[in-house]
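Numbering-wise (numbering that gives the first Met the number 0), the sequence shown opens with residue 0 and increments by one.
One structure below.
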Amino acid sequence: MNRRRFLPLTLLLLAGCRREPKEPVIGEGFVAPMTLNLRADLGPRQPTVATVRHGERVEILAKRRRFAKVRTSAGQVGWVDGNLLFTPEQMAELRALGRRAARLPSQGEATVLDVLNVHTHPDRAAPSFHQIKEGEHVEVVAHRLVVRTPPELPPDDWALVRFSATEAGWVLFRMLVMAIPEEVAQYAEGHLITSYFSLGEVKDGEQTKHNWLWTTIAQGRQPYEFDSFRVFVWSLRRHRYETAYIERNLKGYYPVTVERPEGAPPRFSVVVEDKDGTKVKKTYTFQGYHVRLIAKAPWKEPPEPEIEPEQTPGTAAPSTSWWKRLRDLVGR
């Protein structure tokens with residue numbers, strides 16, 4: 000056979016087998032909400048071609064108004080609302096928040112009575128990227144008083160909670176229930192428990208009880224975390240909790256910390272306002288039924304951690320703030 004006769008046919012077959020080139024990338028983004036559906040095209044009733052989850056990186060291929068055509072790491076392509084994508088800078092901020100929370104001392108575990116959204120910032124309009132389920136426990140590590148918008152509304156109490164080793168977010172404080180045992184919590188008398196710590200175990204027959212330190216506040220929406228702290232001890236004679244020490248009428252701040260030095264009684268520290276309005280750190284020892292002040296020193300706020308830029312390839316998406324874009328979306 001003449002091989003030249005088959006050359007054009009071979010070239011034609013090879014041309015038909017070539018794959019279409021990938022669309023060029025014009026930017027990158029990260030999924031902001033818990034889940035996000037990719038639609039086949041813009042328009043009503045378009046089928047979902049893929050679902051991506053919070054934090055996943057996507058490549059931006061095209062834009063139409065506020066919508067973005069994206070490609071997932073698996074190669075799936077579809078359209079999403081561009082307002083629901085983080086820029087690399089915004090994703091770096093959220094991850095830095097998780098790293099900061101990982102270094103903060105826990106102020107106690109809390110749970111919720113209903114599903115509670117976790118936000119990227121202490122703002123009701125901020126994206127929710129996680130949900131705390133009923134009965135699930137989180138650690139409270141910080142608090143912030145935030146004025147609502149419009150300003151005539153009362154401010155909100157928000158708590159920074161850590162729900163894994165590297166993830167944290169903001170929730171409404173009033174929706175949390177601190178997970179201290181009910182036999183102690185009953186003495187709160189309507190006050191909000193804002194932190195609690197075990198000061199050691201007590202053996203009462205076959206039962207194991209704990210001595211407890213807690214902080215409470217009589218009324219929320221304050222720029223401080225507690226106005227009283229109290230130490231409870233388990234009475235072996237009466238088989239119930241009794242108050243060993245209490246201080247009231249304070250302006251106290253996180254963090255509350257507890258140390259258990261080897262060979263020494265436990266000690267705890269609270270940050271409170273002194274008479275002149277400056278913040279001081281007071282340290283107490285707890286031994287038996289006795290609480291004693293052993294140190295008092297000026298308190299210095301720890302520095303905020305630096306935000307490390309994300310090391311990801313590609314061109315960054317426009318850095319318009321996500322909360323402004325979300326409000327723009329709601330207003331449309």
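For every residue, glycine included, the Cβ atom is placed at its ideal position computed from N, Cα and C.
Any contact between the stretch 164-177 and the stretch 106-116? By contact I mean 3 or more CB pairs, one from each, below 8 Å. yes
Assumed close pair Leu84, Ala67 - CB separation to whole angstroms, cut-off 8 Å: 6 Å
Does the stretch 291-298 come close enough to the stretch 271-279 that 3 or more CB-CB pairs lie under 8 Å? yes
Would the stretch 22-33 and the stretch 43-61 be scored as touching if the rule is three or more Cβ pairs under 8 Å? yes
Locate the beta strand (DSSP E) running through Gly251, then write down its first and last residues. 251-258
For Ala263, write down the residues that DSSP places opposite it in a beta bridge. DSSP output for Ala263 lists no bridge partner at all.
Would Glu258 be called buried (16 or more neighbouring beta carbons within 10 Å of its own) or exposed? Here Glu258 is exposed, its C-beta having fewer than 16 other C-beta atoms within 10 Å.
Hey, Phe267 and Leu212 are a contact pair by Cβ (cut 8 Å); roughly how many whole angstroms apart? About 6 Å; that satisfies the 8 Å criterion.
Please classify Ala100 as buried or exposed, where buried requires at least 16 neighbouring CB atoms within 10 angstroms. The residue is buried, with at least 16 neighbouring Cβ atoms inside 10 Å.
To the nearest angstrom, how far is the alpha carbon of Leu292 from that of Glu246? Distance between the alpha carbons of Leu292 and Glu246: 12 Å.
CB-CB under 6 Å to Val271, same chain, minus the five flanking residues each way: which ones, in chain order? Taken in chain order, the residues that qualify are Leu249, Gly251.
For Gly287, which of helix, strand or coil comes out of DSSP? coil
Collapsed DSSP secondary structure at Gln221 in the structure displayed: coil
Straight-line gap, Glu166 to Gly97 (C-alpha atoms, nearest Å): 5 Å
Could you give the DSSP three-state label for Met174: helix, strand or coil? helix
For Tyr195, the residue or residues it bridges with in DSSP: Trp213
Per DSSP, cross-strand counterpart(s) of Phe231: Trp211, Thr242
Determine, using beta-carbon pairs with one atom in the stretch 146-155 and one in the stretch 196-203, whether at least three such pairs fall under 8 Å. Output reads no: the stretch 196-203 does not touch the stretch 146-155.
For Trp321, count neighbouring Cβ atoms within 10 angstroms of its own Cβ and tell me buried if that reaches 16, exposed if not. Residue confidence is low: Trp321 scores 47 on pLDDT, short of 50, so the model does not pin down where it sits. No coordinate-derived value is stated.
Whole-angstrom Cβ separation of Ala124 and Tyr253, contact assumed at under 8 Å? No, Ala124 and Tyr253 are not in contact; Cβ-Cβ is about 25 Å, not under 8 Å.
Using a Cβ-Cβ cutoff of less than 7 Å, which residues in the same chain neighbour Tyr223 once the five nearest sequence positions on both sides are dropped? Lys250, Gly251, Tyr252
Straight-line Cα distance separating Leu103 from Glu88: About 23 Å.
Taking DSSP as the reference, what is the three-state secondary structure of Val276? The question names Val, yet the displayed sequence has Gly at residue 276. Coil, per DSSP.
How big is the Cα-Cα spacing for Arg333 and Thr119? The chain is shown only over 0 to 331; residue 333 falls outside these bounds and no answer can be derived.
Could you round the C-beta distance between Trp157 and Val170 to whole angstroms and report it? I think they count as a contact, below 8 Å. 7 Å
Does the beta-carbon of Trp208 have 16 or more other beta-carbons within 10 angstroms, so that it is buried, or is it exposed? Going by the sequence as given, residue 208 is Lys instead of Trp. By the 10 Å Cβ count, Lys208 comes out buried.
Nearest-angstrom Cα distance between Glu22 and Thr47? In this structure, the straight-line span from the alpha carbon of Glu22 to that of Thr47 is close to 20 Å.
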